[in-house]
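The opening residue of the sequence shown carries number 1 in the UniProt record's numbering; numbering runs sequentially from there.
Using N, Cα and C, we set each Cβ at its ideal position, and we do this for glycine too.
Everything below concerns the one structure shown next.
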Amino acid sequence: MIIPQVLFLMICTSNPKAEVHAITKKVHQGENVTLQCDVQHDQETSWCRQHPEQVPVVIFQDALNIRSSEPDPEYHYGFGPRFSSVLNRTTWTVNLQIENISEWDFALYFCTVRVKGDIRFGNSTHLVSVEDTGDSVPLPLCWTLLGTSLFVTAISCVACCGFHIFQQERMKSKPSATRKSNRHESDYQARAANVDLESEYQELTHKDSALYAVCVKKEQPRRD
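Now the structure itself:
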């Protein structure tokens with residue numbers, strides 16, 4: 001099975017000219033805004049935020065629950081209830097609602113969905129301030145997510161290599177410890193055997209001494 005990072009790399013490099021641009025949405029500070037995720041499913045959705053020249057971070061993860069319609073987001077990186085999930089059972093989507101927008105909230109937002117082990121990227125929205133009169137350049141989401149995926153892959157490879165080296169060192173040290181344990185066990189058994197032999201020797205010596213005394217006594221001539 002192809003891992004999502006490799007699959008995403010194949011998609012992006014298959015057509016370098018094809019780029020997914022973010023929708024620009026202008027808002028005022030202090031407003032509330034709801035961002036839509038266009039991926040319909042009943043699995044887990046992750047909403048992410050990215051500032052320019054920074055790695056995207058996960059805001060929360062949530063999923064549509066058949067038994068309950070109440071949202072239950074799992075927050076990450078210090079995000080809180082000001083960022084809430086809006087479950088839409090009509091479209092089967094998990095949307096993002098941001099309350100009381102601050103200056104730090106002006107960034108790129110996008111949703112990702114894990115379906116049967118594969119990751120699907122939904123639409124993205126670039127939040128900017130109404131007062132911002134400059135021309136906002138839409139970010140190439142495909143290459144942005146590619147960089148993120150490769151970064152995650154690199155971290156995973158480093159972790160796997162570290163764990164593999166740790167296992168090798170552990171396997172190397174294990175026979176030595178086993179030999180030491182076996183040596184201690186052999187020494188203990190030898191000492192126990194020596195104690196048993198010494199006890200038997202003392203017992204035999206005692207019996208021999210008694211027998212010797214009896215024999216000597218019998219061999220002594222009687223005096224009239």
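Span separating the alpha-carbon of I23 from that of L35: 11 Å
Per-residue DSSP class, three states only, for E103: helix
Pairwise C-alpha distance: Q43 and S102: Approximately 30 Å, taken between the alpha carbons.
Spatial neighbours of residue 232 in its chain, beta-carbon cut-off 6 Å, leaving aside the 5 residues before and after: Outside the displayed range of the chain (1 to 224) lies residue 232, so it cannot be described from this structure.
Residue range of the unbroken beta strand (DSSP E) whose run includes P111: In the sequence as displayed, the identity of residue 111 is Cys instead of Pro. Taken as a continuous stretch (DSSP letters only), the beta strand (DSSP E) holding C111 covers L108 to V115.
Per-residue DSSP class, three states only, for residue 227: Nothing can be reported for residue 227, as the shown portion of the chain is limited to 1 through 224.
8 Å contact criterion, which H41 and V86 should meet: CB distance rounded: Incorrect: roughly 15 Å between the Cβ atoms, too far for contact.
Extent of the continuous beta strand (DSSP E) to which G30 belongs: Neither: G30 is in no beta strand (DSSP E) and is coded neither H nor E.
Helix, strand or coil at T34 according to DSSP, with G and I counted as helix: T34: strand per DSSP, three-state reduction.
Same chain only: Cβ atoms within 6 Å of V130, ignoring 5 sequence neighbours per side: K26 and H28
Y109, buried or exposed, once every other Cβ within 10 Å from all chains shown has been counted against 16: buried
From C37, R49 and T45, residue whose alpha carbon lies closest to that of F106: R49
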